[in-house]
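Numbering (my numbering), first residue to last: 102 to 819. Glycine included, C-beta positions come from ideal geometry on N, C-alpha and C. This structure is a prediction, so every number in the text was calculated from the model and none was measured.
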């Protein structure tokens, strides 16, 4: 629980505070004093009479009633202190800096449990243990540095690791990113990342609260809570970016299906973030750069409606219907950027990185471009990047920005301006400051000369701006922002899905394991997923009769072995009865064979859809190219069931192979609508059949007209 005593205490006591500011107890006191805490600050230290100018209590029993206690003592003493302070001193909030709890030993876990039980008994808020503390504009209850500049419109940062939080703050401060609060949750036994988001969501004030949340997550303990409150905050106008540590699949268990081999807990994280609209980052630099992008686009207005999800405005209602910004339109309408530079190389690298990320640096031509060129130094280029030359002045920079501001086919401006150390460039950055404040289009400042122009950059940052000192890092981070879809609706699409029939089939399955082909066919049919005509039998005459009825050519597959192609259990394009009989007899000799499946031979692009159940998250649905390409290329996109049509389209469009699916070099594309429909129907099937733990539909054969499931496997565990 998060309460007033934690957020706005009138009195704070530091148990273990000292005069040694090089130790946590002394550093906490120092930061509280330098942070201007306006309430009553108390210190308990049995060996000191005064700590940093504050009268020290030798025993906590001597304390008057206090709101918040910060414990910086050995773990073994913490449970007794918490008990005493909560029972006798009316302390209702604790920040426990101390380590040595559940993160280390079983004995430490027992100490932690005693603390948690006491806090629950007395309705106390608990941050930690094993954390760096809590940093707000009200009180600086941390023992670390740096202390970033704090203001109400700064970033809210929540971290599952104290040390990592410090490193992220270091990265942010160097860019000029400002903060509203920093939460280090430590072991997070009572207040975790999900709890902090819940509080921020339920108490959100659009006028006064920060609209940017950055997260560093080591464990997602409650995916549903994270999804709900992140989605809610984003729909209220916030932007959220997060790192989820521990994405390696090195420890993944062996799996028998394509989906099992590809899917992992990280696939679930990816799907959760996509569903919530959280921008996923993979490094400290990327996270803080995305935070800076959010701040730049908060002050500057991206004028085209294609990029409204950079400025989430919630949902709009017209004639009783709710309209949601579609991520799909952004993919066909790339963000158009003007690059202004006085150094050719960085401009080219930035242009390349933007293009790689799917954005557009359009060439500037025509009378307006010629007019701009006439106002710059001879030799300047205005083709975009706009190179004003190394000898370009502050005036030239201002002129170039003004022209880009007026150009209808430019959505944002990026300015690269450093110095070789020969001149002072305060005037240049003063012009840049004025243009950022005046222009409606967002301006991204890239000021790389942190050594030779250190004072000038610092003066620029003090004015409330941020700095993207590396142009390629900026482009990479902006790519992550642009490809993150808007939050998805949580409704289950049941049209065309026979839920009662799905339950009858699942309830009738007696044994765990991969279910029989006929049951697979029945489940897909109940979900409204088209399937190819097929017949399964160990009787040669019946197999031949079916083939003659549906018409040659046909496909024959062995039933029994999981990976059919690995054992020679697939034969395509069989055009006669004689070949069919020979293949039937051969396949029945394969070890583990129980029958043979014969199907009508279809042609088309091979696609893949799979799903895997992840504990706590639910079903992760994957899609991509099918056949052997699934595990070879691993070009798959993930979503968290149940899925909406918008999510399904977003998954398809985010594939690296999307251009192949769309059609290229004269080849027709697939029917995207039907592919998306199958993804949605499959997610609905899984929503009502949680006993399904893994499944593959591989391949689906698709052309411009139809998408049909050819082969599928379903693993059921009751």
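Considering residue 283, what are the terminal residues of the beta strand (DSSP E) in which it resides? Taking the chain shown and counting its residues from 1, the one referred to as residue 283 is at position 182. Start and end: 280–285.
So what does DSSP say about residue 814, is it helix, strand or coil? Locating residue 814 in the chain shown gives position 713, where the first residue counts as 1. Residue state, collapsed to three classes: strand.
For residue 293, count the other beta carbons within 10 Å of its own beta carbon; 16 or more makes it buried, fewer makes it exposed. Which is it? Sequence index remark: in the chain shown, residue 293 carries index 192 (1-based). It is buried - the Cβ of residue 293 has at least 16 other Cβ atoms within 10 Å.
Nearest-angstrom Cα separation, counted from residue 587 out to residue 499: As a first step, residue 499 is located in the chain shown; it is residue number 398 there, counting from the start. As a first step, residue 587 is located in the chain shown; it is residue number 486 there, counting from the start. Straight through space, the alpha carbons of residue 587 and residue 499 are spaced by roughly 35 angstroms.
Which residues in the same chain have their Cβ closer than 6 angstroms to the Cβ of residue 458, if we skip the five residues on either side of it in sequence? Within the chain shown, the letter at position 357 stands for residue 458. Same-chain partners within the cutoff: 576, 580.
Just the Cα atoms here: how many angstroms apart are residue 533 and residue 566? What you label residue 533 is simply residue 432 of the chain shown in a count that begins at 1. What you label residue 566 is simply residue 465 of the chain shown in a count that begins at 1. The alpha-carbon atoms of residue 533 and residue 566 are separated by roughly 10 angstroms.
I'd like to know whether the C-beta atoms of residue 103 and residue 384 end up nearer to each other than 8 angstroms. For this step, residue 103 is matched to residue 2 along the chain shown. For this step, residue 384 is matched to residue 283 along the chain shown. Cβ distance not < 8 angstroms, so residue 103 and residue 384 don't count as in contact.
Would you kindly check if the distance between the Cβ of residue 199 and the Cβ of residue 288 is under 8 angstroms? Start at 1 with the first residue of the chain shown, and residue 288 comes out as number 187. Start at 1 with the first residue of the chain shown, and residue 199 comes out as number 98. Not in contact: residue 288 and residue 199 (Cβ atoms no closer than 8 angstroms).
From residue 277 to residue 563, what distance separates their C-alpha atoms? Translated into positions along the chain shown, residue 277 becomes position 176. Translated into positions along the chain shown, residue 563 becomes position 462. Distance between the alpha carbons of residue 277 and residue 563: 8 angstroms.
So, helix, strand or coil for residue 497, using DSSP? To locate residue 497, count along the chain shown from 1; it is residue 396. Helix.
What ranges does the beta strand (DSSP E) occupy inside the region 709–792, keeping only unbroken runs of at least 3 residues that lie completely in it? 719–726, 737–741
Residue 509, buried or exposed, once every other Cβ within 10 Å from all chains shown has been counted against 16: Here residue 509 corresponds to residue number 408 of the chain shown, with the count starting at 1. Residue 509 comes out exposed.
Would residue 582 and residue 380 be called neighbours here (beta carbons separated by less than 8 angstroms)? For the purposes of this step, residue 582 is identified with residue 481 of the chain shown, where counting begins at 1. For the purposes of this step, residue 380 is identified with residue 279 of the chain shown, where counting begins at 1. Taking 8 angstroms as the Cβ cut-off, residue 582 and residue 380 qualify as a contacting pair.
Decide if residue 423 is buried, meaning its Cβ has at least 16 other Cβ atoms within 10 Å, or exposed. Sequence index remark: in the chain shown, residue 423 carries index 322 (1-based). With a pLDDT of 32 at residue 423, under the threshold of 50, the predicted position of this residue should be treated as unreliable, though the coordinate-derived value follows. Per the 10 Å Cβ criterion, exposed.
Which word fits residue 392, buried or exposed, when buried means at least 16 other C-beta atoms lie within 10 angstroms of its C-beta? The sequence position of residue 392 within the chain shown is 291, counting from 1. Looking at its Cβ environment, which holds 16 or more other Cβ atoms inside 10 Å, residue 392 is buried.
Meets three-Cβ-pair contact criterion under 8 angstroms: the region 533–551 and the region 511–519: Touching, yes.
Could you check if residue 622 is buried or exposed, using at least 16 other CB atoms within 10 Å of its CB as the buried criterion? Your numbering for residue 622 matches position 521 in the chain shown. Buried, by the Cβ-count rule.
Please report the straight-line C-alpha distance between residue 305 and residue 343, rounded to a whole angstrom. In the chain shown, residue 305 corresponds to position 204, counting from 1. In the chain shown, residue 343 corresponds to position 242, counting from 1. Cα-Cα distance, rounded: 19 angstroms.
Taking only beta-carbon atoms, is residue 198 less than 8 angstroms away from chain B? Within the model displayed, chain B is absent; a lone protein chain is all it includes.
Run the CB neighbour count on residue 378, radius 10 Å, all protein chains shown included, and call it buried at 16 or more, exposed below. Sequence index remark: in the chain shown, residue 378 carries index 277 (1-based). Looking at its Cβ environment, which holds 16 or more other Cβ atoms inside 10 Å, residue 378 is buried.
Can you tell me where the beta strand (DSSP E) holding residue 143 begins and where it ends? Residue mapping note: residue 143 aligns to position 42 of the chain shown, counting from 1. Looking at the DSSP string, the run of the beta strand (DSSP E) that includes residue 143 is 141–145.
What separation, rounded to the nearest whole angstrom, lies between the Cα atoms of residue 762 and residue 676? Residue 762 sits at position 661 when you count from the first residue of the chain shown. Residue 676 sits at position 575 when you count from the first residue of the chain shown. Between residue 762 and residue 676, the C-alpha separation is close to 29 angstroms.
Quick one: give me the first and last residue of the beta strand (DSSP E) that residue 698 is part of. The residue you call residue 698 lines up with position 597 of the chain shown. Here the beta strand (DSSP E) through residue 698 covers 696–701.
Helix, strand or coil: which one does DSSP assign to residue 609? Looking up residue 609 in the chain shown gives position 508. Residue state, collapsed to three classes: coil.
Between which two residues does the beta strand (DSSP E) containing residue 193 stretch? Taking the chain shown and counting its residues from 1, one reaches residue 193 at position 92. For residue 193, there is no enclosing beta strand (DSSP E), as DSSP marks it with neither H nor E.
Straight-line Cα distance separating residue 375 from residue 751: As a working mapping, residue 751 is identified with position 650 in the chain shown. As a working mapping, residue 375 is identified with position 274 in the chain shown. Taking the straight line from one Cα to the other gives about 9 angstroms.
Residue 437 burial status per 10 Å Cβ neighbour count (16 or more: buried): Translated into the one-based positions of the chain shown, residue 437 becomes position 336. Residue 437 should be labelled buried.
Would you report the Cα separation of residue 735 and residue 726, rounded to the nearest angstrom? Here residue 735 refers to the residue found at position 634 when the chain shown is read from its first residue. Here residue 726 refers to the residue found at position 625 when the chain shown is read from its first residue. Approximately 9 angstroms between the Cα atoms of the pair.
Do residue 603 and residue 810 count as a contact pair if the criterion is CB distance below 8 angstroms? Sequence index remark: in the chain shown, residue 810 carries index 709 (1-based). Sequence index remark: in the chain shown, residue 603 carries index 502 (1-based). Contact: no.
Please give me, in chain order, every unbroken run of the beta strand (DSSP E) with length at least 3 that falls completely inside the region 492–560. Those beta strand (DSSP E) runs which fall completely within the region 492–560 and span 3+ residues are 513–517, 544–547.
Considering only C-alpha positions, which residue in the set 328, 249, 483 is nearest to residue 719? Numbered from 1 along the chain shown, position 618 holds the residue referred to as residue 719. The candidate whose alpha carbon is nearest that of residue 719 is 328.
Please determine whether the Cβ atom of residue 227 lies at a distance below 7 angstroms from any heavy atom of the ligand COA. Among the components modelled here there is no ligand, and therefore nothing to report on the ligand COA.
Taking the beta carbon of residue 538 as the centre, do at least 16 other beta carbons fall within 10 Å, making it buried, or is it exposed? In the chain shown, counting from the first residue as 1, residue 538 sits at position 437. Classification of residue 538: exposed, given that the 10 Å Cβ count is below 16.
Once DSSP output is grouped into helix, strand and coil, what is the label at residue 234? Along the chain shown, read from residue 1 onward, the residue named residue 234 stands at position 133. Correct three-state label for residue 234: strand.
What is the C-beta distance between residue 241 and residue 315, in whole angstroms, given that I count them as a contact (C-beta under 8 angstroms)? Residue 241 sits at position 140 when you count from the first residue of the chain shown. Residue 315 sits at position 214 when you count from the first residue of the chain shown. 19 angstroms between Cβ atoms; not a contact.
Just list the beta strand (DSSP E) runs in the region 199–255, keeping only unbroken ones of 3 residues or longer that don't cross its boundaries, in chain order. Segments of the beta strand (DSSP E) lying fully in the region 199–255: 226–228, 234–237, 241–243.
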